[in-house]
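Each residue of the sequence shown is one higher than the one before, starting from 839 at the first, in the numbering used here.
We put the beta carbon where it would ideally sit given N, CA and C, even for glycine.
Computed from a prediction, not measured in an experiment: that's the story for all the values here.
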Amino acid sequence: MNDRLNMQNSIAKLLDNVTVEWKALGEVAEIANNTRKPVKASLRIQGKIPYYGANNIQDYVEGYTHNGEYVLIAEDGSANLKNYSIQWATGKFWANNHVHIVQSMPELNNRFLYHYLRNMNFIPYLTGGDRAKLTKSSLIQITIPIPPLHIQTEIVRILDTFSALTAELTAELTAELTTRKKQYNYYRNKLLAFKEDEVEWKLINEFASLKRGIRVTRNQLSQKNGYHVYQNSLIPLGYYEKANTQENTTFIISAGAAGEIGYSSEKFWAADDCFYFECSRNLLNRYLFYVLKNKQEYISSQVRRSSIPRLPRAIIEKLKIPIPPLEEQTRIVEILDKFDALTNSITEGLPREIALRQKQYEYYRNLLLNFSVETQ
């Protein structure tokens, strides 16, 4: 809390009595659209130069249309009109005709312009219906606050620091997640790598009954109450008033996202594109889940690729799996559950932490760039 208060005080001091002049973008920036050139994907020569579209880098090509530091503003096709597509491009790059190319004049810091545009509402400047467009004539009329250059530079320094912290955190958490997944896969492979003579190897259908779910229609489902319904992916289709499975059940998708392996600690409804297992007393359902996950690559390779991918029932029933004593199955499950929990906590925490940093950046961006017309 003290850090936030100190930052707020610093910002208030920085902006105290600052004189701000407002000018149309066309007066303080060059719109370098003349050299834009769209190229069909089939005609692009692959290379190392980024090829920009309205929202992102679409490809890497040979040649370039621009060289320098530019702010790229979607002309049309922005993925989100409320959070309008603004990109920062440096060095050599190729731009198609769905993005405006903007470079500020000496009185305006280009990076300041980038942050300001990311903070503004573009909707009043857009024309057209389904494919809203920001015309050049509208673009150059957008008014931009022009505080003294040293103030612009300090604002850029603060906001770039927050952007860098977000990028650093994302890289660290992603690297940590990658490490944990590798660790998890290593131990799963090691724990389940039984030799032929160490344990019994049996067909799955000798120790587990593979059941096919029962179809339900969308109008029978609720989006709030009941039991999860799994149909053609590991993402629940909705909720149903009944369950046709027990707690702690392993299941596998047979069509659509065919071959995906899931596990539920709660009862659920298996629909007709979902197989689930009822295990004998000598096979733990959770152990079976880890065994199948360890065979994920093979199972995926057996999916019949067509308009709707399908996994034949016989592929699963004919799988041979190791059946160690129940005590060993329990030990393996306990170890892998710990790795699974750790990996999931990082997976769930990654977007949450990134979102918190992004909100922090946006909060201070609003404070720093909330100039009123009265400050002219």
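Supposed close pair residue i, residue j - CB separation, criterion 8 Å
i: isoleucine 1091; j: cysteine 1112; result: 6 Å
i: leucine 863; j: tyrosine 890; result: Not really, about 19 Å apart at Cβ, beyond 8 Å.
i: lysine 1105; j: threonine 1083; result: 6 Å
i: tyrosine 1077; j: tyrosine 1065; result: 6 Å
i: threonine 1168; j: tyrosine 1022; result: In fact, because the Cβ distance is near 18 Å, the residues do not count as touching under 8 Å.
i: leucine 1072; j: alanine 1095; result: 7 Å
i: lysine 1049; j: glutamate 1098; result: At roughly 17 Å, the Cβ-Cβ gap does not stay under 8 Å, so lysine 1049 and glutamate 1098 are not in contact.
i: isoleucine 1184; j: arginine 1018; result: 6 Å
i: proline 1162; j: phenylalanine 1045; result: Not confirmed; about 12 Å, so no contact.
i: leucine 1041; j: lysine 1176; result: About 30 Å separates the two Cβ atoms, so there is no contact after all.
i: arginine 874; j: isoleucine 939; result: 7 Å
i: alanine 870; j: glutamine 941; result: 6 Å
i: alanine 1129; j: leucine 1030; result: Checking the sequence shown, residue 1129 turns out to be valine, not alanine. Yes, they are in contact, since the Cβ atoms of valine 1129 and leucine 1030 sit about 6 Å apart, within 8 Å.
i: phenylalanine 1209; j: proline 944; result: Phenylalanine 1209 to proline 944, Cβ: 20 Å. No contact.
Where residue i sits in the DSSP three-state scheme
i: glutamine 925; result: strand
i: phenylalanine 950; result: helix
i: threonine 873; result: coil
i: phenylalanine 1089; result: strand
i: leucine 1048; result: strand
i: proline 962; result: helix
i: tyrosine 1025; result: helix
i: phenylalanine 1113; result: strand
i: threonine 1055; result: coil
i: glutamate 1212; result: Legend: pLDDT at glutamate 1212 = 48, less than 50; position of this residue unreliable, value from coordinates given subsequently. Looking at glutamate 1212 - three-state DSSP - the assignment turns out to be helix.
i: leucine 1122; result: coil
i: leucine 1041; result: strand
i: glutamate 859; result: strand
i: threonine 1083; result: coil
i: glutamine 884; result: strand
i: isoleucine 984; result: strand
i: alanine 1096; result: coil
i: aspartate 1178; result: helix
i: isoleucine 978; result: coil
i: phenylalanine 1000; result: helix
i: lysine 851; result: helix
i: leucine 1164; result: helix
Bridge-paired residues (DSSP) for residue i
i: arginine 1142; result: Arg1148
i: glutamate 907; result: Thr928
i: proline 1189; result: Note: proline 1189 sits in no beta bridge, so no partner.
i: tyrosine 890; result: Ile895 and Ala933
i: aspartate 914; result: Lys971
i: valine 1067; result: Gly1076 and Trp1107
i: tyrosine 1101; result: Thr1088
i: glutamine 941; result: Glu868
i: lysine 1158; result: Leu1041
i: lysine 1183; result: Rather than lysine, the amino acid found at residue 1183 in this sequence is serine. Note: serine 1183 sits in no beta bridge, so no partner.
i: serine 1060; result: Tyr1077
Nearest-angstrom Cα separation, counted from residue j out to residue i
i: phenylalanine 950; j: leucine 1206; result: 11 Å
i: glutamine 896; j: arginine 882; result: 11 Å
i: aspartate 968; j: proline 962; result: 15 Å
i: lysine 930; j: alanine 892; result: 17 Å
i: arginine 1195; j: tyrosine 1202; result: 11 Å
i: threonine 1008; j: glutamate 1200; result: 17 Å
i: isoleucine 1173; j: phenylalanine 1127; result: 14 Å
i: alanine 1108; j: leucine 1075; result: 10 Å
i: methionine 958; j: asparagine 1204; result: 10 Å
i: arginine 956; j: tyrosine 922; result: 7 Å
i: lysine 920; j: asparagine 872; result: 27 Å
i: alanine 867; j: asparagine 905; result: 16 Å
i: leucine 1059; j: proline 1147; result: 24 Å
i: leucine 1188; j: alanine 1005; result: 12 Å
i: glutamine 979; j: threonine 991; result: 24 Å
i: proline 888; j: tyrosine 954; result: 24 Å
i: lysine 886; j: serine 880; result: 17 Å
i: tyrosine 898; j: glycine 966; result: 31 Å
Outcome for residue i when other beta-carbon atoms lying within 10 angstroms are tallied against a minimum of 16
i: glutamate 1135; result: exposed
i: aspartate 1178; result: buried
i: glutamate 1212; result: Because the pLDDT at glutamate 1212 is just 48, under 50, the model does not fix this residue reliably, and the point stays unresolved.
i: lysine 1156; result: exposed
i: arginine 1190; result: exposed
i: tyrosine 1125; result: buried
i: leucine 932; result: As written in the sequence, residue 932 is tryptophan, which differs from the leucine given in the question. By the 10 Å Cβ count, tryptophan 932 comes out buried.
i: arginine 1053; result: exposed
i: valine 856; result: exposed
i: lysine 1131; result: buried
i: leucine 1003; result: exposed
i: serine 1145; result: exposed
i: glycine 1100; result: buried
i: glutamine 1214; result: Legend: pLDDT at glutamine 1214 = 41, less than 50; position of this residue unreliable, value from coordinates given subsequently. Exposed: under 16 other Cβ atoms inside 10 Å.
i: arginine 1142; result: exposed
i: histidine 936; result: buried
i: tyrosine 1024; result: exposed
i: glycine 1051; result: buried
i: glutamate 1165; result: exposed
i: glutamate 913; result: buried
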